[in-house]
Structures are given as C-alpha cells and as structure tokens.
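Residue numbers (the working numbering): -16 to 132.
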Amino acid sequence: MRLALTATVLSALSLICLGPLAWGLSDSSAALAALQDKADQAQPRDRCFLYAELVNRMADLAGQQFYSGDSIQGTKTLEQLQRYADKIQAGVADDSKRLKNAETLIRRTSFRLKDILHEVSYEDQPALEATVKRLNEIQTRLMMQVFRK
-16 MRLALTATVL SALSLICLGP LAWGLSDSSA ALAALQDKAD QAQPRDRCFL YAELVNRMAD
44 LAGQQFYSGD SIQGTKTLEQ LQRYADKIQA GVADDSKRLK NAETLIRRTS FRLKDILHEV
104 SYEDQPALEA TVKRLNEIQT RLMMQVFRK
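Right, here's the structure in full:
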C-alpha cells in the first residue's frame, strides 16, 4: 500500500514538473517556425539580424535537447543552426540593419555553445565544435563589416 502511494505521488509530481517543460518545447518550436518564416520573408536589410536571433534561439533549443539527453535531436538542431548561420554570412551587406546587434548576438551564442560543449558527451562534441568554429568565423566577418562603416 505504501509503495503504491509513493509511486502515485511520484508520477503525479513528474507530470506536474515535466508537463510544462514539454509544453514549453513545443511552444518554442512554434516560435522558431514563426521566426524562420519572418526571417525568410524579411527585407534583405533585416535578414542578418533576424537570422542571428534565430541562430541564438536554436542554440538554446539545442542546449535543452543535449541537457535532456536527446543528443540525436540536438545534433539535428545544430545542423539546422549551421544552415541559418550560412544565410547570415551570405546576407551580410553594407546596408544591413542592426549589424552590430547581430554580431553581438552571434558572439554570445558562440560562448553559450562553448559552455554546452563542456557538458555533453564525447560523441556530441565534434558537432558542437564545428558549429562554434563556424559561428566564430561569421562573428569575425560581421565585426569587420561593422568597423568598415
């Protein structure tokens, strides 16, 4: 009887604690999809910052996935993050809006991914290292554009 009561209480607590987390991830996915659409349809001047914000949020999502033990999904998110990072570099123009903000956001994202790198398993580290390296290259290019102005 005591064991059944303990199991019931633990399962109820897990639903109470983990339910909102799972719902938050689905809301996060919807917000990411909306931001992806907004960035893809934005004017060329606005895309750089919107893609930087998208990359930042994807890094947060990848971190959540790695910390929860879902390294396969975390790796997929990193691959998608890299595709959008490439769009940042391709879309950098002299007339881009909020170029300094985009550069700062990419730098912070890179630092956050470095922190995640130290927490993940050895098998997941190469994907994170490649992403950090790519973001550092993009951040350098953005910084050069900022100082060129």
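Ideal placement from N, C-alpha and C gives every residue a C-beta, glycine not left out.
Since the model is a prediction, treat every value here as computed from it, not as a measurement.
Mapping the DSSP letters down to three states, classify residue 75 as helix, strand or coil.
Residue state, collapsed to three classes: coil.
From 94, 67, 58 and 68, pick the residue whose C-alpha is nearest to that of residue 108; which is it?
Checking every option, the nearest Cα to that of residue 108 belongs to 58.
Report yes if the C-beta distance between residue 34 and residue 83 is below 7 Å; otherwise report no.
Their beta carbons are not under 7 Å apart, which means residue 34 does not touch residue 83 by this criterion.
Excluding the 5 residues preceding and the 5 following residue 124 in the sequence, name in chain order all residues of the same chain whose CB lies nearer than 8 Å to its CB.
If we look at residue 124 and ignore the five residues flanking it on each side, its Cβ neighbours are 72 and 75.
Nearest to residue 95 by CA position, among 39, 11 and 51, is which residue?
Checked all of 39, 11 and 51; the closest Cα to residue 95 is 39.
Quick check on this structure: which residue in 117, 55 and 126 has the alpha carbon closest to the alpha carbon of residue 65?
When only C-alpha atoms are compared, the closest one is 117.
So what does DSSP say about residue 120, is it helix, strand or coil?
Of the three classes helix, strand and coil, the one that applies to residue 120 here is helix, per DSSP.
What is the C-beta distance between residue 19 and residue 37, in whole angstroms, given that I count them as a contact (C-beta under 8 Å)?
That pair is a contact at about 6 Å.
Is the beta carbon of residue 99 closer than 7 Å to that of residue 121?
Against a cut-off of 7 Å, the Cβ pair of residue 99 and residue 121 comes out as no contact.
With DSSP as the reference, label residue 53 as helix, strand or coil.
Of the three classes helix, strand and coil, the one that applies to residue 53 here is coil, per DSSP.
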